[in-house]
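Residue numbers (our numbering), protein chains in the order written: chain A, 1 to 208; chain B, 1001 to 1208. Note that beta-carbon positions come from the ideal geometry of N, C-alpha and C, so glycine has one too. These numbers come from a predicted model, not from an experiment. I have placed the structure first, in the form of structure tokens, so that the comments after it can refer back to it.
2 protein chains.
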Amino acid sequence: MSNRSRILRLSRYKNAALRLKSLNFLKVFSDNLADATGVTASQVRKDFSIFEISGNRRGGYQIDELLTQLNKVLGKDKLQKFIIVGVGNLGRALINYQGFVKSEIKIVAGFDTDPAKFNRKAEALILPMDELPGFVKTNEIELAILAVPEFAAQECYDKLKSAGIKGILNFAPIRLKSDDKVVIHNLNLETEFENLIYFVNTKTEPTD
Amino acid sequence: MSNRSRILRLSRYKNAALRLKSLNFLKVFSDNLADATGVTASQVRKDFSIFEISGNRRGGYQIDELLTQLNKVLGKDKLQKFIIVGVGNLGRALINYQGFVKSEIKIVAGFDTDPAKFNRKAEALILPMDELPGFVKTNEIELAILAVPEFAAQECYDKLKSAGIKGILNFAPIRLKSDDKVVIHNLNLETEFENLIYFVNTKTEPTD
DNA sequence: TAGATTGTTAATCGATTAACAATC
DNA sequence: TAGATTGTTAATCGATTAACAATC
């Protein structure tokens, strides 16, 4: 019913609607969103109908109302607190990433094994791993980012799981599997690079 | 014929084969790769047949030979040089990312507008934007990473395109479109987070 | 040889698109 | 009202899976 591609499209519709709103649009048609995101108008309406997002025949969709509904589906109607395990190059970059400031995504703490990285004064705390279960519990954290080297990934995953984390965005270069306790979203940077390289080499338009 | 998902699967087969090789496997069956990557054995064989990767009836696939062929498709048979535009948190993290050391991916230079970031002594140079076209030309660079804020993305894209770049991995939070000159692979971190959040909230297994 | 696995064809499944009645 | 756009159904398309002949 709702596969990953469909949710990715909803994010794009949301971003397109946001941009059109900033251009003072008050309403959009499925055709506008289709143009802006590179899909068909049928697809837009189909996606909306699956999430029971409805508009006005002849009048399109009110942008504000549409954004409210898309944000709700995408969990942007409330602050989503993340912790991050592994404060290396990538971990630190995500903690400081400016792209999240307007969004409802916040990384509230990082965890690492290296005492040199601990920091209890920064806005996002950097704490030792053994404080993770307590922090997760008292702050009611459900979401985590895993940004450790391959060798540490499985062990950290186990710790996150037993701490009660419900969803993990995994940047470690090893594919973790979702189970009914934890949803995993694997994001392997090398794989993304390889994908680009393939399409450049063959010069065929990627269909996604 | 070869969509993005298929290439992603090839990367996974490659990674699985690499892991099995490190366990001293000499050959693998489609069934092994299927188990390791979570797809069906039919899918593995179908994917291979599309890329004319063949094995031995009854004998499976020789790992070394398989890796050679997969690496070739994925462009890992030669060093892939990237430049990066935008040396902020994310840009710097990618330059220093340890996950690429064993792979044939290398970021050879970064470009930025901020003089405080310039560095002609580091292994990966950080140079001013106006040296980009010359650098690309003399070093025969075809691939780039775009890691600038949204407002700068379009302008930087234009510069990369006119410098002759053939493929861009775009981390800027705006969707760029491929054309017949440049292949674009958009990677929007906020979108990836939203995807995870959706599946955690609905607790349905993502199908990708 | 008998048994096991590939490579490929045909069947199935699911996602996208087209079409159009409903309706504002 | 006439015209335009949604919402939904039916048709199409493409990707995945099952099945099995080929063959090592």
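task: With a threshold of 16 other CB atoms inside 10 Å of the CB of Thr1068/B, please say whether the residue is buried or exposed.
output: For the purposes of this step, residue 1068/B is taken as the residue at position 68 of the second sequence. Classification for Thr1068/B: exposed.
field: Between the CA atoms of Phe118/A and Leu1176/B - distance to the nearest angstrom
entry: Within the second sequence, residue 1176/B is the residue found at index 176, counting from 1. Within the first sequence, residue 118/A is the residue found at index 118, counting from 1. The C-alpha of Leu1176/B lies about 38 angstroms from the C-alpha of Phe118/A.
task: Would you kindly report the start and end of the unbroken alpha helix (DSSP H) that includes Ala1093/B?
output: Along the second sequence, one-based indexing puts residue 1093/B at 93. Note, Ala1093/B: alpha helix (DSSP H), 1089-1096.
task: May I ask you to report which of helix, strand or coil DSSP gives Lys27/A?
output: In the first sequence, counting from the first residue as 1, residue 27/A sits at position 27. Strand.
query: Looking at C-alpha atoms only, which residue of Asp64/A, Leu90/A, Leu66/A, Arg4/A is the closest neighbour of Pro173/A?
result: Start at 1 with the first residue of the first sequence, and residue 173/A comes out as number 173. Of Asp64/A, Leu90/A, Leu66/A, Arg4/A, the residue nearest in Cα terms is Leu90/A.
task: Please determine, among Gly60/A, Leu66/A, Leu196/A, the residue with the shortest C-alpha to C-alpha distance to Asp31/A.
output: For this step, residue 31/A is matched to residue 31 along the first sequence. Nearest option by C-alpha distance: Gly60/A.
- prompt: For Glu131/A, which residues from the same chain have a beta carbon less than 8 angstroms from its beta carbon, with the 5 sequence-adjacent residues on both sides left out?
  reply: For this step, residue 131/A is matched to residue 131 along the first sequence. Phe111.
message: At 4 residues or longer, what runs of the alpha helix (DSSP H) sit wholly inside the stretch 1127-1168 of chain B?
response: Within the stretch 1127-1168 of chain B, the complete alpha helix (DSSP H) runs of at least 4 residues are 1132-1138, 1150-1163.
field: Cα-Cα separation, Asp114/A to Ile1050/B
entry: Position 114 of the first sequence holds residue 114/A. Position 50 of the second sequence holds residue 1050/B. One alpha carbon belongs to Asp114/A, the other to Ile1050/B, and they sit about 46 angstroms apart.
query: Hey, Leu74/A and Glu1194/B: beta-carbon distance below 8 angstroms or not?
result: Numbered from 1 along the first sequence, position 74 holds the residue referred to as residue 74/A. Numbered from 1 along the second sequence, position 194 holds the residue referred to as residue 1194/B. Going by C-beta atoms, Leu74/A is nearer than 8 angstroms to Glu1194/B.
- prompt: From Lys203/A to Val39/A, what distance separates their C-alpha atoms?
  reply: Locating residue 203/A in the first sequence gives position 203, where the first residue counts as 1. Locating residue 39/A in the first sequence gives position 39, where the first residue counts as 1. Rounded to the nearest angstrom, the two C-alpha atoms are 21 angstroms apart.
- prompt: Ends of the alpha helix (DSSP H) at Ala41/A?
  reply: Along the first sequence, one-based indexing puts residue 41/A at 41. Secondary structure note for Ala41/A: its alpha helix (DSSP H) is the uninterrupted segment 41-50.
- prompt: In the DSSP assignment, what residue or residues form a beta bridge with Phe111/A?
  reply: Here residue 111/A is taken as the residue at index 111 of the first sequence, counted from 1. Beta-bridge pairing links Phe111/A to Val85/A, Leu127/A.
Contacts of Ala1043/B in chain A (Cβ-Cβ under 8 angstroms): Against the second sequence, residue 1043/B aligns to sequence position 43. Looking at the sequence itself, residue 1043/B is Gln, so the reference to Ala does not match. Those within 8 angstroms of Gln1043/B in chain A number zero; the least Cβ separation is about 15 angstroms.
task: Scan the stretch 1179-1199 of chain B for residues whose Cβ lies nearer than 7 angstroms to a Cβ of chain A and list them as they occur along the chain.
output: Per Cβ criterion, the list reads Val1183, His1185, Leu1187, Leu1189, Glu1190, Thr1191, Glu1192, Phe1193, Glu1194, Asn1195, Leu1196, Ile1197, Tyr1198, Phe1199.
field: Ile105/A - partner residues in DSSP beta bridges
entry: On the first sequence, residue 105/A is found 105 positions in, with the first residue counted as 1. As DSSP reads the structure, Ile105/A sits in a beta bridge with Gln80/A.
- prompt: Going along chain B, which residues have a C-beta under 7 angstroms from Gln80/A?
  reply: Along the first sequence, read from residue 1 onward, the residue named residue 80/A stands at position 80. Within 7 angstroms Cβ-Cβ: Ile1197.
query: Does any C-beta atom of chain A lie closer than 8 angstroms to the C-beta of Val1073/B?
result: On the second sequence, position 73 is the one that residue 1073/B refers to. Taking Cβ atoms only, chain A reaches closer than 8 angstroms to Val1073/B, which makes this a yes.
query: Taking just the CA atoms, how far does Ser42/A sit from Phe29/A?
result: Mapped onto the first sequence, residue 29/A falls at position 29. Mapped onto the first sequence, residue 42/A falls at position 42. The alpha-carbon separation between Phe29/A and Ser42/A amounts to approximately 11 angstroms.
- request: Just the chain B side, please: which residues come within less than 9 angstroms of Arg12/A by C-beta, in chain order?
  value: What you label residue 12/A is simply residue 12 of the first sequence in a count that begins at 1. Proximity of chain B to Arg12/A at the Cβ level (cut-off 9 angstroms) is accounted for by Arg1175, Asn1188, Thr1191, in chain order.
message: 8 angstroms is my cut-off, CB to CB: does Lys1021/B come that close to chain A?
response: Indexing the second sequence from 1 puts residue 1021/B at position 21. Taking Cβ atoms only, chain A never reaches closer than 8 angstroms to Lys1021/B, which makes this a no.
field: Backbone secondary structure at Val1182/B - three-state DSSP
entry: Within the second sequence, the letter at position 182 stands for residue 1182/B. Shown here, Val1182/B sits in coil according to DSSP, grouped into three states, outside any helix or strand.
message: Check whether chain A comes within 8 angstroms of Phe1051/B, counting only Cβ atoms and requiring the distance to be less than that.
response: Here residue 1051/B is taken as the residue at index 51 of the second sequence, counted from 1. The beta-carbon of Phe1051/B is placed no less than 8 angstroms from the nearest beta-carbon of chain A.
query: According to DSSP, is Asn170/A helix, strand or coil?
result: In the first sequence, residue 170/A corresponds to position 170, counting from 1. Assigned with DSSP and collapsed to three states, Asn170/A falls in strand.
query: DSSP puts Gly60/A in a beta bridge; with which residues?
result: As a working mapping, residue 60/A is identified with position 60 in the first sequence. According to DSSP, Gly60/A bridges with Asn56/A.
message: Just to make sure I have the definition right: I need the residues of chain B whose C-beta is within less than 7 angstroms of the C-beta of Glu142/A. Which are they?
response: Counted from its first residue, the first sequence places residue 142/A at position 142. Per Cβ cutoff of 7 angstroms: Val1200.
message: Quick check on Arg1057/B - is its C-beta less than 8 angstroms from some C-beta in chain A?
response: Residue 1057/B sits at position 57 when you count from the first residue of the second sequence. By this cut-off, Arg1057/B is not an interface position.
- prompt: So, is the C-beta of Asn89/A closer than 8 angstroms to a C-beta in chain B?
  reply: As a working mapping, residue 89/A is identified with position 89 in the first sequence. For Asn89/A, the answer is yes, since a Cβ of chain B falls inside 8 angstroms of its Cβ.
message: For Pro1133/B and Asn1071/B, what's the separation of their Cα atoms in angstroms?
response: Position 133 of the second sequence, counting from 1, holds the residue named residue 1133/B. Position 71 of the second sequence, counting from 1, holds the residue named residue 1071/B. Computed Cα separation, rounded: 30 angstroms.
message: So for Asn32/A, helix, strand or coil by DSSP?
response: Position 32 of the first sequence, counted from the start, is the residue given in the question as residue 32/A. Assignment of Asn32/A by DSSP, reduced to helix, strand and coil, places it in the helix class.
query: Does the distance from the C-beta atom of Ile165/A to that of Val200/A stay below 8 angstroms?
result: Taking the first sequence and counting its residues from 1, one reaches residue 165/A at position 165. Taking the first sequence and counting its residues from 1, one reaches residue 200/A at position 200. No; because the gap between Cβ atoms is not below 8 angstroms, this pair is not in contact.
field: Asn3/A in three-state terms, based on DSSP
entry: Counting from one through the first sequence, the residue named residue 3/A turns up at place 3. Three-state DSSP puts Asn3/A in coil, outside helix and strand.
- prompt: Roughly how many angstroms lie between the CA atoms of Ile1126/B and Ala1144/B, to the nearest whole one?
  reply: As a first step, residue 1126/B is located in the second sequence; it is residue number 126 there, counting from the start. As a first step, residue 1144/B is located in the second sequence; it is residue number 144 there, counting from the start. If I take the Cα positions, the gap works out to 14 angstroms.
query: Thinking C-alpha only, which one of Ser1005/B, Ser1011/B, Ile1197/B is nearest Ser1103/B?
result: Along the second sequence, one-based indexing puts residue 1103/B at 103. Minimum Cα distance to Ser1103/B is reached at Ser1011/B.
- prompt: At a Cβ cut of 9 angstroms, what residues of the stretch 26-38 of chain A count as close to chain B, listed as they run along the chain?
  reply: Within the stretch 26-38 of chain A, the residues whose Cβ lies closer than 9 angstroms to some Cβ of chain B are Ala36, Thr37, Gly38, listed in chain order.
query: What do you reckon, are the CB atoms on Glu1155/B and Gly99/A nearer than 8 angstroms?
result: In the second sequence, counting from the first residue as 1, residue 1155/B sits at position 155. In the first sequence, counting from the first residue as 1, residue 99/A sits at position 99. Between Glu1155/B and Gly99/A, the C-beta gap is not smaller than 8 angstroms, which leaves the two residues out of contact.
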